[in-house]
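In what follows, a single structure is set out as C-alpha cells and then discussed.
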C-alpha cells in the first residue's frame, strides 16, 4: 500500500503540513530515508531555526555518512522571553534616546542563541549597558524555560509526535538533532512514542547537544564550558558535561549550536560521531519498507549509503541459554573460557531493568541475554521475568563475541529504550559485539499511564560495570 | 563579569564600525549610533506599513533589499522571503490565527529559506548577513517584533520541512 494516501489523511486529520505534502516528486515512497530534524533551543524564531537546518544540517549528515536524508525543523518556542526582551528594550529606550529597534533586533536574537561577541562589538558607546540588561533577562528566561522535567507532555509534543508517526508510516527513521531546550521536547516525544508504539520507538533517535535534561536516551554532548548549562546545573539536576570545547570569542557562552558544530573546534567531530552512531543503531520502520517494496521498485535509488544493521529475529526460545538449560531458575550454562571477567580476553556485561511509571503503577518487563555457547553467567539468575524490582544480572563473554539481549515488556508496559551502554539506541532485541565492559539497562514505561507525564526510570547500572 | 569583559573589549577597539561581510550592508554610523536605513523612513509604524505597489512587501523594505543585493535572481528570492515573512508576521499579529494557518504560512517561508540557501550556497555567510539585515528591517518596531515573536509561538510544535529547493510558485525563482 502506498504511504501517500495515509499521510494525506493524517495531514488532513491533524490539519498540519506533512512531509509528504511538502515534498514533491518522490512518488510517495520514501523508504529507507532518514528524516533528520533540528530541535531548536529556547526562543529561536521559526525562520532562524529553518536557516540553521538549511545551512548546517546537510554537512553534518554528510560527514556522519547516514545515507539518504530529508531535513526539517521540530520547532519549539517558549512564550514570554522575547516579550520580556521587548519590554526591557522599551524601558531602555525610555532611558536612552539613542536606542533604536534596529539595534535591538540586531542583537537580541543573537543573544538568544548565545552571547555572540562579534555582534556585540557592533554596539555604539553605551550599548554594553543594554547588552548587560538583556543578557540578564535572557539568562533568567533560559533557566526558567529549561527548568522543566524531561517528560513533560503538552500539545506541542503531541503535534510533533503526530508528525513523527507520519514519518514512520512513510518509511522514515527519525533522528532529532536537539539543541538545548530542544532536548526536553525530544525526550518528551521519545516518552510519548514509547507509550504508544515500541515498534516506532525503535526508529526514533536523538542526538543531544548542550543537553539540559537529567536523562539522555542516546549519548549526548555537553561542553564543560557551556555557561548556560552550567548555570542550569546550579539550580537543577543536569547531565554532567562530557565534551571539551575551548572558550572562544565567537560565543562567550559556549552554548550556541554553532559553537558545538564549529568546524574549527573539537565539538563538531563529537557531534558528527554521535549522529553517526545513533544512525548506525537505528533501524528503518520495517512495515513501511515492505509496503514500498511491494509497490514495484519505488525504492530504487533511495537505498542509503549506510544501512542500520537489521534487527535479528526475536525468539523467546533462543533468548536465554540459561532458560533452555534449567528453566531459568539458575544459570549453569556450560562455560567457554570466561568464568571470570578478570580473565584476560573476557568481557564483563551486566544487566538491569529500570521500571518507570506514574504515581500509581510501575512498569515491568523481562530481560534475557543469549549466552549461546560463548557466554557465562557469573551470578544467578542471568535473566529476569516480569519484574519491576529486579536483581542484578552479571555475565561474561569472550572478547569479540556477538551477544543478543532481549527486553520484553510485561502486560500493560512498553519497552522504552535501553539506557546507556552497549545496547543504547537499539530496539528491544539488541545485538552487540563484546569489546568493552558495559552495563545494559532495559527501561520500561507504562502503556497507558493514568496521568502523563510518567517518570522515567532512574539509572541503576553502576558506572563501572566491573565494580562489585 | 561577561558584561564587564565585553564593555572592556568594546571600549578597547573603539566599537565604532559595523560592516557586513561582502560589503552588502548599508547601515552606517551617525553620531555614534547605528543609522537604520529603514527605520523611520516612511513614518509608518503600523504592522503592514505602506505597500504602494501592493506586492506584499513594504515599500521601504523593498527598496532596502535592492541596496543589499544586485543579482536579480537573488533579489527576487529575498523579496519572496520578505513577502512571505510579512504574511507570517501579519498572521502573528492577528487575533484568532489558527495553528494550521500559521504552519502552512511558515512552510511557505521555509520554501524561501530553502531557495536562498541554494542561491547563496557558495557563500552562506554573506547570505546569513543579508537575511539578518532583512529581518532587522522587517521587524523594526515593537509591534512588528512582537507579531513576529507571536507568529513563532503559533507554530510551536510544528514540523517544518526543508530541502525542496526554489519553488517557483512561491519564490518566483525557477531553478
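Chains as they are written, first to last, in this note's numbering: chain A, 174 to 641; chain B, 102 to 276.
Glycine included, every Cβ here is placed at the ideal spot set by N, Cα and C.
Cβ neighbours of residue 274 (chain B) within its own chain (closer than 8 Å, five residues either side excluded): 174, 177, 178, 181, 216, 220 and 267. Neighbours of residue 249 (chain B) across chain A, judged by C-beta separation under 7 Å: 218. One finds 219 in chain A with Cβ atoms closer than 7 Å to the Cβ of residue 207 (chain B), taken in chain order. Nearest to residue 552 (chain A) by alpha-carbon distance, out of A:546, A:524, A:534 and A:445, is A:524. The Cβ-Cβ distance between residue 579 (chain A) and residue 614 (chain A) does not fall below 8 Å. With at least 16 other beta carbons inside 10 angstroms of its own, residue 224 (chain A) counts as buried. The straight-line gap separating the alpha-carbon atoms of residue 260 (chain B) and residue 247 (chain A) is approximately 5 Å. For residue 352 (chain A), there is no enclosing alpha helix (DSSP H); the residue is part of the beta strand (DSSP E) that begins and ends at 345-352.
In this structure, the alpha-carbon of residue 566 (chain A) lies about 12 Å from that of residue 558 (chain A). For residue 229 (chain B), the nearest CB of chain A lies under 8 Å from its own CB, placing it at the interface with that chain.
Rounded to whole angstroms, the Cβ separation of residue 257 (chain B) and residue 329 (chain A) is 5 Å, and the two are in contact under 8 Å.
Residues of the same chain with a CB within less than 6 Å of the CB of residue 536 (chain A), apart from the 5 flanking positions on each side, are 528, 529, 530, 586, 617, 618 and 619 in chain order. In the DSSP assignment, residue 260 (chain B) is bridged to A:247. Annotation: Cβ neighbours of residue 264 (chain B) in chain A (cutoff 7 Å, chain order): 243 and 244. In this structure the segment 372-391 of chain A touches the segment 592-612 of chain A; the number of beta carbon pairs closer than 8 Å is three or more. Counting along the chain, residue 582 (chain A) sits inside the beta strand (DSSP E) bounded by residues 575-582.
Ranked by Cα distance from residue 206 (chain A), the first of A:250, A:455 and A:605 is A:455.
Only those residues of the segment 190-223 of chain B whose C-beta falls short of 7 Å from the nearest C-beta of chain A are listed: 201, 204, 205, 207, 208, 210, 211, 214, 215 and 218. Annotation: residue 604 (chain A) is outside any alpha helix (DSSP H); the continuous beta strand (DSSP E) that includes it extends over 602-606. In this structure, DSSP gives residue 571 (chain A) an extended state, which the three-state scheme calls strand. In this structure, A:358 is the residue among A:332, A:344, A:358 and A:345 with its C-alpha nearest to the C-alpha of residue 215 (chain A).
Proximity to residue 453 (chain A) across A:230, A:347 and A:232 peaks at A:347, based on C-alpha coordinates.
For the segment 224-235 of chain A, the residues whose beta carbon sits under 7 Å from a beta carbon of chain B are, in order, 224, 226, 227 and 228. The beta carbon of residue 162 (chain B) sits closer than 7 Å to the beta carbons of 139, 183, 238 and 239 from its chain, once the five residues preceding and following it are set aside; these are given in chain order.
Ranked by how close their Cα comes to the Cα of residue 211 (chain A), the residues A:564, A:381 and A:541 have A:381 in first place. Taking the Cα positions, residue 189 (chain B) is about 29 Å away from residue 341 (chain A). Contact with chain B is found for residue 336 (chain A), since one of that chain's Cβ atoms lies less than 8 Å from the residue's Cβ.
For the segment 196-230 of chain B, the full-length alpha helix (DSSP H) segments reaching 4 residues or more read 200-220 along the chain. For the C-beta of residue 235 (chain B), not a single chain A residue is nearer than 7 Å; the gap to the nearest is close to 10 Å.
Each residue's CA atom was taken as its position, placing residue 522 (chain A) and residue 449 (chain A) some 24 Å apart. In the displayed model, residue 247 (chain B) falls within a helix according to three-state DSSP. Sequence-distant partners of residue 210 (chain B) (beyond 5 residues in either direction) whose C-beta falls short of 8 Å from its own C-beta, in its chain, are 182, 185, 186 and 189. The three-state reading of DSSP puts residue 450 (chain A) in helix, counting H, G and I together.
At least one CB of chain A lies nearer than 8 Å to the CB of residue 254 (chain B). In the three-state reduction of the DSSP assignment, residue 177 (chain B) falls in the helix class, which pools H, G and I. With contacts defined as CB atoms closer than 8 Å, residue 556 (chain A) and residue 546 (chain A) fail to qualify as a contacting pair.
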